[in-house]
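Undergrad:
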Amino acid sequence: MARDFLRRFTLFVKVPLIFVFSSALLLLFLTSAEAKEGHIKLLAVKEAGSGFEGALADLFLEIRPGTGRVFLDTFPLTKAETQISVRFAKQVACDYLEVNCAQFDFFYTIRAESSIIAGPSAGAAVTLLTISLLDGTPLNKRMGITGTINSGGLIGPVGGIKEKIDAADDAKLTTVLIPSGERYSLDDGYRTGKEYLTERGEETGNGEDIRDGEETGSGGEIVSGGETGSGGETGSGGETGSGGETGSGGETGSGGEIRDRENPLNSKNGTLESNITDSGSNVTKKDNATSPGNATLDLVLYGKSKGIHVVEVSDITEALAAFTGTSMKYENITISPQEDYRETMRFLADSLCNRTKKFQKDLEAKKVSRVNETFAALINFSNQAQANYREGEYYTAASFCFTANVRGSFLLGLLDRPNATEFEKTLALLDRNIQKLRNILESRDKKTITDLEAFIIVWERLLETTDRKESIGSYPAEAEKLYQAAYAHERVLSAYSWYKFFDHRGKKATINPASVRQSCEQKLAEADERFQYVQLFYPGLPLEQTRKGIEAARQDHRRKEFELCLFKATQAKAEANVILGVSGIEASKVDTLVEKKLSIAKRVIHRQIQKGNFPILGYSYYEYASNLLPTDTYSALLFAEYALEMSNLDIYFRNHQDTKGSFPGFFSEIDSRAFAFLSLGLSLGIALSLVFIISRNHRMAKRMYGSGKKPHGRTAQKHE
38 MARDFLRRFT LFVKVPLIFV FSSALLLLFL TSAEAKEGHI KLLAVKEAGS GFEGALADLF
98 LEIRPGTGRV FLDTFPLTKA ETQISVRFAK QVACDYLEVN CAQFDFFYTI RAESSIIAGP
158 SAGAAVTLLT ISLLDGTPLN KRMGITGTIN SGGLIGPVGG IKEKIDAADD AKLTTVLIPS
218 GERYSLDDGY RTGKEYLTER GEETGNGEDI RDGEETGSGG EIVSGGETGS GGETGSGGET
278 GSGGETGSGG ETGSGGEIRD RENPLNSKNG TLESNITDSG SNVTKKDNAT SPGNATLDLV
338 LYGKSKGIHV VEVSDITEAL AAFTGTSMKY ENITISPQED YRETMRFLAD SLCNRTKKFQ
398 KDLEAKKVSR VNETFAALIN FSNQAQANYR EGEYYTAASF CFTANVRGSF LLGLLDRPNA
458 TEFEKTLALL DRNIQKLRNI LESRDKKTIT DLEAFIIVWE RLLETTDRKE SIGSYPAEAE
518 KLYQAAYAHE RVLSAYSWYK FFDHRGKKAT INPASVRQSC EQKLAEADER FQYVQLFYPG
578 LPLEQTRKGI EAARQDHRRK EFELCLFKAT QAKAEANVIL GVSGIEASKV DTLVEKKLSI
638 AKRVIHRQIQ KGNFPILGYS YYEYASNLLP TDTYSALLFA EYALEMSNLD IYFRNHQDTK
698 GSFPGFFSEI DSRAFAFLSL GLSLGIALSL VFIISRNHRM AKRMYGSGKK PHGRTAQKHE
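Residue numbering for the sequence shown follows this note's numbering, beginning at 38 and increasing consecutively.
(1) Taking the alpha-carbon positions, what's the G292 to L448 distance?
(2) Under the assumption that E200 contacts V82 (Cβ atoms under 8 Å), give the Cβ distance between them as a whole number of angstroms.
(3) Have a look at T111 and T146 and give me their C-alpha separation to the nearest angstrom.
(4) Helix, strand or coil: how does DSSP classify F539 here?
(5) Which same chain residues end up closer than 8 Å to H346 when comparing Cβ atoms and leaving out the 5 residues on each side of it in sequence?
(6) Note down, in chain order, each residue of its chain lying with its Cβ closer than 6 Å to the Cβ of V163, except the 5 sequence neighbours on either side.
(7) Take G181 and list the residues in its own chain whose beta-carbon comes closer than 6 Å to its own, dropping the five residues that flank it on each side.
(8) Counting beta carbon pairs with one atom in the segment 383 to 397 and one in the segment 540 to 555, are three or more of them shorter than 8 Å?
(9) Return the Cβ separation of A413 and F437 in integer angstroms, given the expectation that the two are a contact with Cβ distance under 8 Å.
(10) Rounded to the nearest angstrom, what separates I646 and D399 at their Cα positions?
(11) According to DSSP, simplified to helix, strand and coil, what is P576?
(12) Measure the beta-carbon distance from L561 to R591 and round it to whole angstroms, keeping in mind my assumption that it falls under 8 Å.
(13) So does the segment 522 to 539 actually touch the segment 467 to 485, counting three or more Cβ pairs closer than 8 Å?
(14) Any idea what DSSP makes of S222, helix, strand or coil?
(15) Please report the Cβ distance between R505 and Y524, rounded to the nearest whole angstrom; I am assuming they are in contact, meaning their Cβ atoms lie under 8 Å.
(16) My output table needs one value for A149: the three-state DSSP class, helix, strand or coil.
(17) Figure out for me which residue from L665, L681, Y661, Y512 has the closest Cα to the Cα of Y431.
(18) Is it the case that the Cβ atoms of S684 and L654 are separated by a distance below 9 Å?
(19) Grab me the residues of H526's own chain with a C-beta within less than 7 Å of its C-beta, minus the 5 sequence neighbours each way, in chain order.
(20) Classify L666 as helix, strand or coil using the three-state DSSP reduction.
(21) For V529, collect the residues of the same chain with a Cβ closer than 8 Å to its Cβ; drop the 5 residues on either side in sequence, then sort them by chain order.
(22) Need the endpoints of the beta strand (DSSP E) that T174 sits in, please.
(23) Could you tell me which of F574, F651, R596, E581 sits nearest to A546, measuring between CA atoms?
(24) For the putative contact between V641 and L674, defined by C-beta atoms under 8 Å, what is the C-beta separation to the nearest angstrom?
(25) Give me whichever residues DSSP pairs with E566 in a beta bridge.
(26) In angstroms, rounded to a whole number, what distance separates the CA positions of G278 and Q582?
(27) Within its chain, find whatever has a CB closer than 7 Å to the CB of Q375; leave out the 5 residues flanking it on each side and keep chain order.
(28) Could you compute how far the alpha carbon of G173 sits from the alpha carbon of L134?
(29) In three-state terms, what does DSSP make of I370?
(30) Look up T485 in the DSSP assignment and give the residues it is bridged to.
(31) If I measure Cβ to Cβ from G103 and keep anything under 6 Å in the same chain, skipping five residues before and after, which residues do I get?
(32) Compare the Cα-Cα distances from L98 to each of Q120, L166, R106 and report the closest residue.
(33) Using only the alpha-carbon positions, how far apart do S217 and D628 sit?
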């Protein structure tokens, strides 16, 4: 009896164990099947007795489903800078493909025969390999690339290209891609920026300019933007980003119109150009290295002498086209705003610009002379707005009108000088408008990315209006208080205008407190990583405003205002990208850089439109940057970066219907494959369990009736 019970219990345990074991084996197979591996040759330099010479390394990458972690294993051991450089390149690849890489783990391995100079010069190669695996696109194994990587996939300058071509020759590579503008090399083994100093074991103080291997004095020439004059000091509104200044247009709103750049009461007049100029103090001047007349070595011809095709590329799209043998994506694309966007933005421009006209009439009625600087500025902004409006550039028109309105409201306040009762009524009206708008916002659901962007714009203006109002205090109505009151009043009115975008237009997305918080935290991590990257490789650059932007985003996170956290972190990341982008190029090439950034932003916006989303902030920034480019290059660069960063927010808010196929390449069927394998595992487990039961019963029958033992009936028949 006890033996029979034990036998039955053993059977009861074994069957589920076989079932679970079979499923586990198949799920383990699934995990390994989902992992993807790839390899690319790295072109590097290493120290030699007489200086530096080319070297080779192998970069391996394995991507697995995970939680966004990045692992790096190097041999020989490299500096910590390589880790952050690899993380940065990975993020550029994810942004380029518009993939939320928080669902994957990345395992990078670098192997070299000898110690190599590590740093950002492998950024383009790391980005290419990462894109290749994420997108399932094979790379040509006989090609190599050298170059740093910047936001949007721009490929930046590096040093030691001649030596790297030598290394490519040793590896029997047929083609080497180099950064655009790096074709000509000086005979002293020209290097650029931080890498120049790293390779020679030298260090530079803040603000030094490196030219042909010679150091300048401690206050070296600033090449990226020229010398700063007395206007180089930023005034009270000198922060970029959520409160930053623009050059010609003025102080930028966090996603909306231009704010008033210059407080008429403040004589300081800082500009974004001076801010970025200061940040470019580590920039290497390369005028002599970019024209064949002054160069001693044409790297294209040098490569040809070794049987290597040397090609200049400016961004990752061009590099991918070369490595895959395909034509470049997104050529000759055009983007045009959706009609409902145009109508809403035209309404916004009308509401703001009609107020501008009224201010101008009222001031003229009061016989204010156009010699008055504030009134003259109002008229100037009004004229610019009208020109943009006629061209259908409604966002830019609205921006200029907002700036004009702040001046008009302020000037009327100065002329009328309200008494205590009137002043208190003004503040009370502000309070009512703030509370009314707050109640409206809190009652609305966010169903699309457009809703999210509209909420961010309106909520940010609401909070700023509140802050401005609280800074005013009580009567008497001093000039500074009148200015703050004018600004706050115009700001809350613009917020009401922007609220018109809150209408659920576009593709539905999963936007809830959990997803918004997650997006905030991920964007914060990206901004902080970018900040650390710039700080590490360009330690002399002024990053105070970026640091403040990140801290402001963290404060929003602590207050559970995750939408603003997402926005401010995005701005901080963009600002770090701007500083990184101008480091390493001459001032004469900043225009080209802006044009390239705008081209990339255009591609991203185009992809969003194809997916059924219209990025109102991204497109608005794109339009504004395009308008600023002829007159204010550095502000245009900032807004182009904003456009790029704000145009793909949808990757953080995938609709549940988009889960399958939401990632490129081999990840596109992860969910269906996982379900299929799990089903197969369960079926196999059941089948094996049945086989085990039948086999066991057969063996038991054999033991019972085998060896001459027969059933009673059969035995009786035999004796008969």
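Glycine included, C-beta positions come from ideal geometry on N, C-alpha and C.
TA: In terms of the structure at hand:
(1) For G292, the predicted model reports a pLDDT of 39, less than 50, meaning its position is unreliable and no value from the coordinates is stated.
(2) 5 Å
(3) 6 Å
(4) coil
(5) T211, T212, V213, G340
(6) V123, A126
(7) K78, L80, A205, L210, V213
(8) no
(9) Not really, about 14 Å apart at Cβ, beyond 8 Å.
(10) 43 Å
(11) coil
(12) 7 Å
(13) yes
(14) strand
(15) 6 Å
(16) strand
(17) Y661
(18) yes
(19) S446, L467
(20) coil
(21) L467, N470, I471, L474, R498, L499, T502
(22) Unbroken run through T174: none, as it is neither H nor E.
(23) F651
(24) With a Cβ gap of about 16 Å, V641 and L674 do not count as contacting.
(25) Looking at the DSSP assignment, E566 forms no beta bridge with any residue, so it has no partner.
(26) Only weak support exists for where G278 lies, its pLDDT of 34 falling under 50; the value from the coordinates is given anyway. Taking the straight line joining both Cα atoms gives about 8 Å.
(27) F651
(28) 12 Å
(29) coil
(30) K545
(31) F141, D142
(32) L166
(33) 15 Å
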